[in-house]
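Chemist: In this text, residue positions in the sequence shown follow our numbering: the first is 140, and each later residue adds one. Here you go, one structure.
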Amino acid sequence: MVLKAGEKVMFEIRRHWFVVVSESTAVALLALIPFIALGASSAIHLSPELFYVILSLCAGWLLILWSIFFIIWTNYYLDVWIVTDQRIIDIEQITLFNRVVSEFRLDRVQDVTIKVNGLIATLLDFGDIHVQTAGEMEKFLIKGVPKPYVVKDKIIKEHDRAIRLAQGRNHEGI
């Protein structure tokens with residue numbers, strides 16, 4: 140990502156840690172299956188050949204689960220909003236090799252909405268932030284943002300500053 144001349148990064152927004160933990164829990168539970176299978180196969184005294192087949196299948200299963208966890212972590216880590224003093228850059232990792240990068244100017248922001256769903260999100264203080272702009276793509280969304288009310292206030296503060304700067308440039312040009 141290349142910043143424009145004179146542009147400064149104000150802050151980055153990533154998803155809350157609970158998002159990656161909740162997505163990874165199923166993978167962790169599925170990782171127990173090979174150990175249960177190996178324990179059961181050693182308890183019933185299988186032939187060494189069959190034991191090695193089961194061991195190979197378990198290793199393959201764990202490799203697949205590790206790959207799934209890697210994809211979950213990559214999507215978590217690479218999904219980011221970068222708020223600069225001029226614009227918001229939305230980098231969304233769709234799949235491992237599919238990324239969408241959108242940007243919109245801060246002075247085009249029309250509305251910032253927060254949605255906090257459920258008890259866990261309320262207790263751990265995370266939620267979704269929707270930003271509506273005056274452009275073609277009317278709404279931008281980032282899910283699972285930590286401290287959404289603080290982030291909303293920061294975005295509005297940067298939006299107000301961008302509006303003041305734009306108005307100052309317009310008055311200078313008159």
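Glycine is no exception: its CB is placed at the ideal position from the N, C-alpha and C atoms.
Could you tell me whether the Cβ atoms of D246 and A301 are closer together than 8 angstroms?
Modeler: In the sequence shown, residue 246 corresponds to position 107, counting from 1. In the sequence shown, residue 301 corresponds to position 162, counting from 1. Cβ distance < 8 angstroms, so D246 and A301 count as in contact.
Chemist: Taking three-plus beta-carbon pairs below 8 angstroms as touching, is the segment 215-227 in contact with the segment 148-167?
Modeler: With the cut-off at 8 angstroms, the segment 215-227 and the segment 148-167 touch.
Chemist: Do the segment 285-298 and the segment 248-256 meet, that is, are 3 or more Cβ pairs less than 8 angstroms apart?
Modeler: Contact holds: three or more Cβ-Cβ distances are below 8 angstroms.
Chemist: Please classify H184 as buried or exposed, where buried requires at least 16 other C-beta atoms within 10 Å of its C-beta.
Modeler: Sequence index remark: in the sequence shown, residue 184 carries index 45 (1-based). Looking at its Cβ environment, which holds fewer than 16 other Cβ atoms inside 10 Å, H184 is exposed.
Chemist: Just list the residues that DSSP pairs L98 with in beta bridges.
Modeler: Because the chain spans 140 through 313 in this model, residue 98 falls outside it and cannot be assessed.
Chemist: Buried or exposed, going by whether 16 or more other CB atoms sit within 10 Å of the CB of K214?
Modeler: Working through the sequence shown from its first residue, we reach residue 214 at position 75. Note on residue identity: the sequence assigns Asn, not Lys, to residue 214. Buried is the call here.
Chemist: Assuming V192 is part of the beta strand (DSSP E), what are its boundary residues?
Modeler: Translated into the one-based positions of the sequence shown, residue 192 becomes position 53. Not the beta strand (DSSP E): V192 falls in the alpha helix (DSSP H), residues 187-217.
Chemist: Given a threshold of 16 other Cβ atoms within 10 Å of its Cβ, counted over all protein chains shown, does W220 qualify as buried or as exposed?
Modeler: Taking the first residue of the sequence shown as 1, we reach residue 220 at position 81. W220 comes out buried.
Chemist: Does DSSP put V158 in a helix, in a strand, or in coil?
Modeler: Position 19 of the sequence shown, counting from 1, holds the residue named residue 158. Helix, per DSSP.
Chemist: Per DSSP, what are the beta-bridge partners of I150 in this structure?
Modeler: For the purposes of this step, residue 150 is identified with residue 11 of the sequence shown, where counting begins at 1. Looking at the sequence shown, residue 150 is not Ile but Phe. In the DSSP output, where bridge partners are listed per residue, F150 has V222.
Chemist: Keeping to the same chain, check which residues put their C-beta closer than 6 angstroms to that of G283; ignore five residues upstream and five downstream.
Modeler: Position 144 of the sequence shown, counted from the first residue, corresponds to residue 283. Same-chain partners within the cutoff: R154, H155, V158, F265.
Chemist: Quick check on this structure: which residue in E242, G307, V255 has the alpha carbon closest to the alpha carbon of L142?
Modeler: Position 3 of the sequence shown, counting from 1, holds the residue named residue 142. Looking at the Cα atoms, E242 is the closest of the given residues.
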